[in-house]
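These notes are about the structure you will find just below.
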Amino acid sequence: MILDRPAAFVFDWDNTLVDSWGTIQAALNTMFAQMGHPPWTMAETQLKVRKSLRDSFPALFGDRWQEAQKLYLDAFEALHIERLAPLPGAEALLQAIAAEGHYLALVSNKTGRFLRREVAALAWDRYFGKVIGAGDAARDKPDRAPVDMALDGSGIEAGPRVWFVGDTGIDMACARNAGCVPILVHGPEDGLLRDEEFADAKPVRHFRDCMALAREISH
Numbered sequence: 001m002i003l004d005r006p007a008a009f010v011f012d013w014d015n016t017l018v019d020s021w022g023t024i025q026a027a028l029n030t031m032f033a034q035m036g037h038p039p040w041t042m043a044e045t046q047l048k049v050r051k052s053l054r055d056s057f058p059a060l061f062g063d064r065w066q067e068a069q070k071l072y073l074d075a076f077e078a079l080h081i082e083r084l085a086p087l088p089g090a091e092a093l094l095q096a097i098a099a100e101g102h103y104l105a106l107v108s109n110k111t112g113r114f115l116r117r118e119v120a121a122l123a124w125d126r127y128f129g130k131v132i133g134a135g136d137a138a139r140d141k142p143d144r145a146p147v148d149m150a151l152d153g154s155g156i157e158a159g160p161r162v163w164f165v166g167d168t169g170i171d172m173a174c175a176r177n178a179g180c181v182p183i184l185v186h187g188p189e190d191g192l193l194r195d196e197e198f199a200d201a202k203p204v205r206h207f208r209d210c211m212a213l214a215r216e217i218s219h
């Protein structure tokens, strides 16, 4: 499918540009052990981790969700920088987009302070006009609020001139909710496209990895 060239790109972070599954699983299982909850396998982690903590933990832990959130964040903070690993081709993709003069922003359901710390650790903050994490906007993905915040001040409004690039159904739903073009990029750990996950918000384009999308941008 041929699309109009975008004016801006909004990216998801975890498992779109960086490989985070191992860190997320380790932090979750550290917290689960403290909360008396059975551990998750990697397959369960990849299937279940979609929403932000404030949107997902109340259903898991009820009145104790804030206690679980603190335990998770403490465990994650101890691990995330040393395990931070860009996905193959991710920086080349950002460089290709920047070279074309497009505006770039990040919208993630990772806690904002951790997200910005990771972006800075890779020295990728030079690529992004805004870095918006969970808790920064009034609501988190899949609501459009963080997309609007990410584009604020750019002179570009959310809409068909903006590509939203992510690896999950919640990213595609966020793109649709904001009126942006949903672009799916699957990292090496993501497995096959699950029809049920994308039933209500299908991607307009699907790229195997960052390198494939970079070739499209540079074409």
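The opening residue of the sequence shown carries number 1 in the numbering used here; numbering runs sequentially from there.
Think of the CB as a built atom: it goes at the ideal place given N, C-alpha and C, for glycine as much as any other residue.
Since the structure is predicted, the reported quantities are computational estimates derived from the model, not experimental observations.
Euclidean distance between Cα positions of residue i and residue j
| i | j | result |
| --- | --- | --- |
| A92 | A145 | 28 Å |
| E216 | T30 | 40 Å |
| A96 | W124 | 13 Å |
| R139 | D152 | 16 Å |
| Q34 | L53 | 17 Å |
| E189 | D63 | Annotation note: pLDDT 44 at E189 (below 50); position unreliable, coordinate value reported separately. Roughly 33 Å separates the two Cα atoms. |
| A59 | N177 | 23 Å |
| L94 | A137 | 24 Å |
Beta-carbon proximity list for residue i, same chain, < 7 Å, skipping 5 on both sides
| i | result |
| --- | --- |
| P79 | In the sequence as displayed, the identity of residue 79 is Leu instead of Pro. Same-chain partners within the cutoff: T23, A26, A27. |
Test item: CB-CB of residue i and residue j under 9 Å
| i | j | result |
| --- | --- | --- |
| P142 | A98 | no |
| L184 | G159 | no |
| V147 | F11 | no |
| V18 | L73 | no |
| D209 | P88 | yes |
| A120 | I132 | no |
| T41 | W21 | no |
| A68 | F76 | no |
Element boundaries [beta strand (DSSP E), containing residue i]
| i | result |
| --- | --- |
| L184 | 181-185 |
| K110 | 103-111 |
| R205 | 205-207 |
| A158 | Premise fails: A158 is in no beta strand (DSSP E) and is neither H nor E. |
| F32 | Not the beta strand (DSSP E): F32 falls in the alpha helix (DSSP H), residues 21-35. |
| V131 | 130-134 |
Residues of its chain near residue i, where Cβ-Cβ distance is below 8 Å and the 5 sequence neighbours each way are ignored
| i | result |
| --- | --- |
| G135 | S52, R54, T111, G112 |
Residues near residue i by beta carbon distance below 6 Å, same chain, minus five either side
| i | result |
| --- | --- |
| H206 | L184 |
May I have a chain-ordered list of the beta strand (DSSP E) segments no shorter than 3 residues that lie completely inside the segment 43-118?
103-111
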